[in-house]
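Protein chains in written order, with this note's numbering: chain U, 1 to 329; chain S, 1001 to 1329; chain Z, 2001 to 2329; chain P, 3001 to 3329.
Using N, Cα and C, we set each Cβ at its ideal position, and we do this for glycine too.
4 protein chains.
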Amino acid sequence: MFEIRTDLAVEEKESFPGNGGEVAGVSLREWRKAASSIKMTEVEILDAAGARAMGKPEGTYITMEAQKLGYQDEDYHKEVAQELACQLKRMVGNLKKARVLPVCGPLHVLAVGLGNPSVTPDALGPAVLGNLRVNRNLQTAQGLPEKAVLSGIVPGVLAQTGMETAEIVGGILHETSPDLIIAVDALAARSIRRLGTTIQLTNTGIQPGSGVGNHRHSLTYKSLGVPVVAIGVPTVVGAAAIVHDTISSMIGTLWSHMETKGMGDYLDQLEPDDQYQLICELLEPEFGSLYVTPPDIDQTVKRLSFTISEGIHGAFFGEEEDEEEPERG
Amino acid sequence: MFEIRTDLAVEEKESFPGNGGEVAGVSLREWRKAASSIKMTEVEILDAAGARAMGKPEGTYITMEAQKLGYQDEDYHKEVAQELACQLKRMVGNLKKARVLPVCGPLHVLAVGLGNPSVTPDALGPAVLGNLRVNRNLQTAQGLPEKAVLSGIVPGVLAQTGMETAEIVGGILHETSPDLIIAVDALAARSIRRLGTTIQLTNTGIQPGSGVGNHRHSLTYKSLGVPVVAIGVPTVVGAAAIVHDTISSMIGTLWSHMETKGMGDYLDQLEPDDQYQLICELLEPEFGSLYVTPPDIDQTVKRLSFTISEGIHGAFFGEEEDEEEPERG
Amino acid sequence: MFEIRTDLAVEEKESFPGNGGEVAGVSLREWRKAASSIKMTEVEILDAAGARAMGKPEGTYITMEAQKLGYQDEDYHKEVAQELACQLKRMVGNLKKARVLPVCGPLHVLAVGLGNPSVTPDALGPAVLGNLRVNRNLQTAQGLPEKAVLSGIVPGVLAQTGMETAEIVGGILHETSPDLIIAVDALAARSIRRLGTTIQLTNTGIQPGSGVGNHRHSLTYKSLGVPVVAIGVPTVVGAAAIVHDTISSMIGTLWSHMETKGMGDYLDQLEPDDQYQLICELLEPEFGSLYVTPPDIDQTVKRLSFTISEGIHGAFFGEEEDEEEPERG
Amino acid sequence: MFEIRTDLAVEEKESFPGNGGEVAGVSLREWRKAASSIKMTEVEILDAAGARAMGKPEGTYITMEAQKLGYQDEDYHKEVAQELACQLKRMVGNLKKARVLPVCGPLHVLAVGLGNPSVTPDALGPAVLGNLRVNRNLQTAQGLPEKAVLSGIVPGVLAQTGMETAEIVGGILHETSPDLIIAVDALAARSIRRLGTTIQLTNTGIQPGSGVGNHRHSLTYKSLGVPVVAIGVPTVVGAAAIVHDTISSMIGTLWSHMETKGMGDYLDQLEPDDQYQLICELLEPEFGSLYVTPPDIDQTVKRLSFTISEGIHGAFFGEEEDEEEPERG
């Protein structure tokens, strides 16, 4: 059976009645940096009830949305990279406060570029890794690192390696013992308008079934013993999601048409669950794995891979600044 | 406004009432090679009426369908490559009979790999060109060619070059004067099941709006003064097409449900044109350019690019065989 | 017979006695921008005698040398890009003064990325084109361009296309009528230390036998009817050149050793021409096409392709500044 | 100090006086398959004395030489692939006899594609992995494998990952416990004529300093606890090796010239060690890492990556045949 899903917590939240009204166990915070067109959202899933409702694990999900990310504006991409660096630093700071990361000494960070380098919308992770300036090799040769130690791997995909990403990453952990994993991945969204314009940052790692490639195993603190911060950008929408949305919208339209004619009784009974059932009957089984992607996805992946790699560099090698915790609204 | 289209003449034909029944000005022929699982279809658009009805220009469209093309079976791909070579030879033979191609002497063939090499489902043309063994450079150095002279170009896409493909190809024609163009392109289909399992061969060239990349200009005998044989494989389905199909199917289902309850009057009035209108209202405008593609499209493009390049080699450099014109059924 | 050559005019000049002393028909100017570590050299070949002596056509050759180009220092690359933009503007300005380029209205520039994208040290041209933001397609859709019209092509290499680059570019000229060609190419140097640290800019275009790929035909004002500015970076040294240099140096060493022992008579007679003859006897014939390249050439090509593309953007789309002609020293 | 080396045992052997005459602790066997133009050589280093003399560890080195490998002749490449499969099977069979590999049940083979995918002559390993059809993922889903279980990894290079290949491979071993590693690597040769025309197969694994990329650590049975069979093709010659060979040859020429004039005394004293010393003085220090490679190396890597991947498929998934041990000559 196909799955109608989104990898973005912010979209999951929006899908609740009242366009993302109060959900028990989930807190929401939205803000905008002054003079910036970047819309920030922080969804926090606080307990098991919230996790069940959202279908995502407990933790923090920060979303940066910016329609202009779709354009080739270098200044703007620099601004987004700085904000990403800033949020990444804050998330790492919180992991230090929680004693999940060592407080002193340079962190050893392993960056993992998930996805299939041969499939354009799934190539974001490998593209980011192609831009990263690793220094673990330099550090061991030239003495103690000052700020952070960075290494990186593009593990490939199951069909190319015959191995789960979790196996490859697990093996590398065993050999190199990093403190922190930064996993970069291309995501699936529900809304077309978020493709290439949104960056999600989360401390919950990578879940099974997530990403453009539908990862089969998790990369999480629990599964690996090392905290995993995931950075993702939606590059596809599941084909089933699009059909579902259109039909839901259509049923609404039909219903209002018919209601005026007193014929709405039947459609009225089509509850969301029934709608879903109906769509499943209509769609062919192979439909579940198909995805929708825009024609200029190659440019989007190229541009955002620079923005994200600069964000990672900024977080670990940038100037020290005091990042104030934004006030909770 | 988005467009619901297919680049496959065989699908256009199927869309007529009675699942592709008689259409004035269009002839259809289907056959299977004995002991082969390749289903062959030849659609011939015979006059202006047929062209109007089909939305495609007059000419011959040969389709090779083979579900097994989706698998990595080398013998099978060799069989398909041989059949493609055979049909390509036949088409070239007919162009010679029509005096559109010179009858004597080695043909000079320019292969054109259309599409965006950076976008996986649009990269079929460039991938085929990567496998071709051009010999125009060898021939000029070593004397007269025996069978055929092959050159090739990957012209790139408008957003990368700032130039229309028709301009680049036109310029190369002006300089090198080939007799024939073979244009290889990734296509859009209506049916998911045809993705990566169908090869279309046509003597009508490339039309505006066709291909994964929605070419803006034509590459045809009329526009270029040189006959253009196009080889294409569908690698995407337009997102709008999928939504349309699902909703059409849904309306049918709803209608039969409601008819039993005597409420079908309203939906009954939803003629195909109204349905289309309704869908257009529901979909966002940017939807038109989105496409649906399967997750293993990289493997498909790689495999089929070998099959097609071998087919082209076979047609122009292979052993001479007498290809009998199949009888018209 | 193999050829010991350099594509850099500055190296050709240095090879004259007295480390590049006075050569009739050749003027030399060297300067440094204040506070910059970029060493600038301008070699001007003024007449036929100079051209014969240098083995290069009449025209201007500007060289920017900067050892730090080998490192990943973004600020520095930005400085070099600005200087490249500045020199490119000056060269274009001189072409306008000479009425070879139109003085009024936006220039239409065709960028050509020469070289083989599949061979790392020859991939500079294609890499630069991958970073360029062409706008010819935008201009025609949205009205008159303000500053310049940019289009671009990666013509591939003879073995892949079966066509000469000059044929492909000539055809595109015929169709799109640009005012100016900017040809970007990877070069062969004599000195290892110049690999990846030098940029040469010349208004003489591309000569037969030049470049990593040993172009067979020229791309020049004379051959194409359009002025051609070439931007190149040396990425290889001919293997024969290295052997020649080492042996010359060895003969010198041996000679001084032997002279002290009174045995130098024979070696003394080994004039440069004899040395060359001797080396030719020693080397196998296939040696001529071999080249020497450093192991981190991929990083070099990636970095410099950004520097050069930014330089081109700066020259044609950057802010207007008054570029003063540096005083002739 | 630069190193004059070859990764080919057969070249090391040839470098001994008498063109590879008797060396204590080293056995040599040469043969040709009837009706085949593949020249086979097996060098066996039998003990520590042989290892010291050859500068390579004890073990078996099989070389397949075929000038025609440089051409695009599919039948010939198929023949070489079959012979490679045959030799690989024999080597695996000997590892089974030695109880280093399990005798019963399907082998689990991990293929490792060493080298830098972004540097053409170093990309052989990654290219072979791109052609391999791994099945470890299929086997676990569909029951017990029949013949062999294949997985594969492209570990990248130190400058890109910040990690040693030995760390990445070691980690994957820890997680997936293969029985055997097949490491594919591009090699450095001494002789230009062996570039792209020779395949070496050895059961000694990968040594520090070997390969185009000068691996820093070993991948061997001793270091990893799993037998490592290495398949390599020379794609570069060290620049220092070429200079050395030319100068050695030059000294010989000079010597004979001078001897006739009674002046050879000095040069006579230039023993090989002195020559080496002299060259070291003449060459710049950065020279050591430079390499020489032919201009059509991209085609060579592409062609041979298919030959080798087919050889690996044939060895583990091909038909069972009785491979007779060739008689020792």
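In the three-state scheme derived from DSSP, where H, G and I count as helix and E and B as strand, residue 234(U) is classed as strand. For the segment 2101 to 2121 of chain Z, the residues whose beta carbon sits under 7 Å from a beta carbon of chain P are, in order, 2116, 2118, 2119 and 2120.
Separation of residue 3184(P) and residue 3161(P) (C-alpha to C-alpha, rounded to the nearest whole angstrom) is 19 Å. DSSP places residue 3307(P) within a helical segment (H, G or I) once states are collapsed to three. For residue 75(U), the enclosing alpha helix (DSSP H) starts and ends at 74 to 97. Between residue 2228(Z) and residue 2204(Z), the C-beta spacing is below 9 Å.
Restricting attention to 72(U), 26(U), 83(U) and 35(U), the CA atom closest to the CA of residue 201(U) is found in 83(U). Using a CB distance cut-off of 9 Å, residue 3154(P) counts as an interface residue toward chain U. The C-beta distance from residue 102(U) to residue 115(U) rounds to 29 Å, too long to meet the 8 Å contact threshold. Residue burial annotation: residue 3177(P) is exposed, with fewer than 16 other C-beta atoms found within 10 angstroms of its C-beta. With a threshold of 16 other beta carbon atoms within 10 Å, residue 3190(P) meets it and is buried.
Taking 9 Å as the Cβ-Cβ cut-off, the segment 153 to 180 of chain U approaches chain P at 153, 154, 155, 156, 158, 159, 160, 161, 162, 163, 164, 166, 167, 168, 169, 170, 171, 172, 173, 174, 175 and 176, given in chain order. Contact between residue 219(U) and residue 165(U) is confirmed by a C-beta separation of about 7 Å, below the 8 Å threshold. By alpha-carbon distance to residue 1122(S), the top candidate from 1312(S), 1313(S), 1319(S) and 1294(S) is 1294(S). Beta bridge pairing from DSSP links residue 3039(P) with 3032(P) and 3065(P). Taking 8 Å as the upper bound for CB-CB distance, residue 1107(S) and residue 1179(S) are in contact here, some 5 Å apart. A residue is called buried when at least 16 other Cβ atoms come within 10 angstroms of its Cβ; residue 1015(S) does not meet this threshold and is exposed. A check of alpha carbon separations from residue 3065(P) across 3075(P), 3080(P) and 3120(P) identifies 3080(P) as the nearest.
Interface with chain Z (9 Å Cβ-Cβ cutoff): residue 1130(S) is included. For residue 130(U), there is no enclosing beta strand (DSSP E); the enclosing alpha helix (DSSP H) covers residues 124 to 131. Secondary structure of residue 1207(S) (DSSP, three-state): coil. For the pair residue 3196(P) and residue 3234(P), the CB atoms are nearer than the 9 Å cut-off. Using a Cβ-Cβ cut-off of 9 Å, residue 292(U) counts as an interface residue toward chain S, since at least one Cβ of chain S sits closer than that to its own.
Spanning the alpha carbons of residue 2291(Z) and residue 2242(Z) requires a straight line of approximately 9 Å. If you ignore the 5 residues before and after residue 1317(S), its C-beta comes within less than 7 Å of the C-beta of 1147 and 1148, all in its own chain and listed in chain order. Near chain S, meaning a CB-to-CB distance below 7 Å, no residue of the segment 2211 to 2243 of chain Z qualifies. Under the DSSP assignment, residue 1153(S) falls in the beta strand (DSSP E) whose first and last residues are 1148 to 1153. A Cβ-Cβ contact shorter than 9 Å links residue 2113(Z) with residue 2130(Z).
Taking 9 Å as the threshold, the shortest C-beta distance from residue 3199(P) to chain Z does not fall below it. Interface residue (Cβ-Cβ distance to chain S less than 9 Å): residue 204(U) is not classified as such. Using a Cβ-Cβ cut-off of 8 Å, residue 289(U) is close to 1294 and 1295 of chain S, given in chain order. The three-state reading of DSSP puts residue 3101(P) in coil, since its state is none of H, G, I, E or B. Residues of chain S with a Cβ closer than 7 Å to the Cβ of residue 7(U) do not exist; the shortest Cβ-Cβ separation is about 15 Å.
Using a CB distance cut-off of 9 Å, residue 3067(P) does not count as an interface residue toward chain Z. One finds nothing in chain S with a Cβ atom closer than 8 Å to the Cβ of residue 185(U); even the nearest lies about 14 Å away. Beta-bridge annotation (DSSP): residue 300(U) is not paired with any residue.
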